[in-house]
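Working notes for the structure below.
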Amino acid sequence: MRPGRLLAAVSLLGSSSAVCALVGGARRTLTMRATPCDITSVRNPEILAAKKLCKSKKARDNEGLVFVEGVRLVRDVLEAGVAPQSVFFCPDRLVTPEAEALVSDVLDAEGTSARSVTPQVLESMVDTVTPQGIVALFPKPAAAPRPAAAPTGEVVLLVDNVSDPGNMGTLLRSAHALGAAALVIYGRGCVDPWAPKVVRSSMGGAFRIPLAFAPTWEDAAAYLTEGRGWAPGAGAARVYAADASHRSAVAHWDVDWRADGNAVVCVGSEAHGISDELKLRMPKRGEAGAESDAELGALAAAATIAEPLILPVKVPMVAGAESLNAGVAGSILLSEVARQRSQ
Numbered sequence: 002m003r004p005g006r007l008l009a010a011v012s013l014l015g016s017s018s019a020v021c022a023l024v025g026g027a028r029r030t031l032t033m034r035a036t037p038c039d040i041t042s043v044r045n046p047e048i049l050a051a052k053k054l055c056k057s058k059k060a061r062d063n064e065g066l067v068f069v070e071g072v073r074l075v076r077d078v079l080e081a082g083v084a085p086q087s088v089f090f091c092p093d094r095l096v097t098p099e100a101e102a103l104v105s106d107v108l109d110a111e112g113t114s115a116r117s118v119t120p121q122v123l124e125s126m127v128d129t130v131t132p133q134g135i136v137a138l139f140p141k142p143a144a145a146p147r148p149a150a151a152p153t154g155e156v157v158l159l160v161d162n163v164s165d166p167g168n169m170g171t172l173l174r175s176a177h178a179l180g181a182a183a184l185v186i187y188g189r190g191c192v193d194p195w196a197p198k199v200v201r202s203s204m205g206g207a208f209r210i211p212l213a214f215a216p217t218w219e220d221a222a223a224y225l226t227e228g229r230g231w232a233p234g235a236g237a238a239r240v241y242a243a244d245a246s247h248r249s250a251v252a253h254w255d256v257d258w259r260a261d262g263n264a265v266v267c268v269g270s271e272a273h274g275i276s277d278e279l280k281l282r283m284p285k286r287g288e289a290g291a292e293s294d295a296e297l298g299a300l301a302a303a304a305t306i307a308e309p310l311i312l313p314v315k316v317p318m319v320a321g322a323e324s325l326n327a328g329v330a331g332s333i334l335l336s337e338v339a340r341q342r343s344q
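Here the sequence shown is numbered in the working numbering, starting from 2 and rising by one per residue.
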């Protein structure tokens, strides 16, 4: 811990709380006497600014900051290599050694402003019923640099107008865990991946996988070719979309995910499915090519990223089962991709 940080931690934590200090390389706990909190008013300008980040996508976009609440989540983002700009914590709510150790680590982060707050101030900031005692404002990760060489064998998950925070969080978490190279937020109907509910359900997954925002397919194609360096020519990438209602849809386990080239996996919302713009790029119902695997393969091989033939896939289910939500369907598809490619 840098000089002066331990004294700052002692001052901020308060009476029955403790701070973990590094002494001779080992962590030990110090219990301190009560001191006043830095912020006691819910109208404090710093608190009002933080509340805007919690509630408003516009504020998050303008400031380039993400509101993260909770001991586990703040720890996860720190371990992803992102340092917070600001931290607000309530000594009365930090009652575990893990929480106290986290405050010590946060105070040691370069350039981080840490402020202690009262329970009332903390509760005014968050959108959870029982706040855990710490809020951190993290900068949004910078865009990943374009690879030096054109990659092959990448899988990118495209999330098509998914508006449910839980589903978006699950897809972010699964995309990172199952080896997707990036996640594309597609269309204008997606929930903000940096909204607090999404950040919680993703367990900080958005900080661990590159994100791109594409209102149209042209934007998505530009990201894949320019941002990720994918070859734009015919047959360089395949595009699949989860659409169990399409007559040409094949079972996800019958797709050869080990084939050469990159792949895009598209998942739509449970309520609306794949958007019309993507459906227009699928085989037409009743076309000869829609009945023949060989013809479909030939059409897909001739397609480019800019003008793809999007192949429908499905997750087979027992008769009478309800449709899978986007988070579950996308996770199953990515799991099959990872399974095949690990063999």
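For glycine and all other residues, C-beta sits at the position ideal for the given N, C-alpha and C.
Unbroken beta strand (DSSP E) runs of no fewer than 3 residues, entirely contained in the segment 170-249, are found at 183-187, 212-215 and 238-243, following chain order.
Here the alpha carbon of VAL127 sits roughly 13 angstroms from the alpha carbon of VAL67.
Looking at the backbone, the Cα of ASP62 and that of MET169 are separated by about 18 angstroms. Going by DSSP, CYS267 is part of no alpha helix (DSSP H) but of the beta strand (DSSP E) stretching over 263-269.
For ARG76, there is no enclosing beta strand (DSSP E); the residue is part of the alpha helix (DSSP H) that begins and ends at 72-80. Taking each of GLU111, ALA110, ASP109 and GLN133 in turn and checking the Cα distance to VAL118, the smallest one comes out for GLN133.
Beta-bridge annotation (DSSP): ARG116 is paired with PHE89. Take LYS198, set aside five residues on each side of it, and the residues of its chain with a beta-carbon closer than 6 angstroms to its own are PRO166, in chain order.
In this structure, DSSP gives PRO142 a state outside helix and strand, which the three-state scheme calls coil. Taking the CA atoms as reference points, VAL192 sits about 10 angstroms from LYS58. Judged by pairs of C-beta atoms under 8 angstroms, the segment 135-142 touches the segment 78-92, as three or more such pairs exist.
Cβ contact annotation for HIS177 (same chain, cutoff 8 angstroms, sequence separation greater than five): GLY206, ARG209 and ILE210, in chain order. Spanning the alpha carbons of MET204 and SER332 requires a straight line of approximately 15 angstroms. GLU155 counts as buried, since no fewer than 16 other beta carbons sit within 10 angstroms of its beta carbon.
Residue state for ILE135 is assigned as strand, using DSSP reduced to three classes. In the DSSP assignment, ILE311 falls within the unbroken beta strand (DSSP E) covering 311-315. In this structure, DSSP gives ILE275 a state outside helix and strand, which the three-state scheme calls coil.
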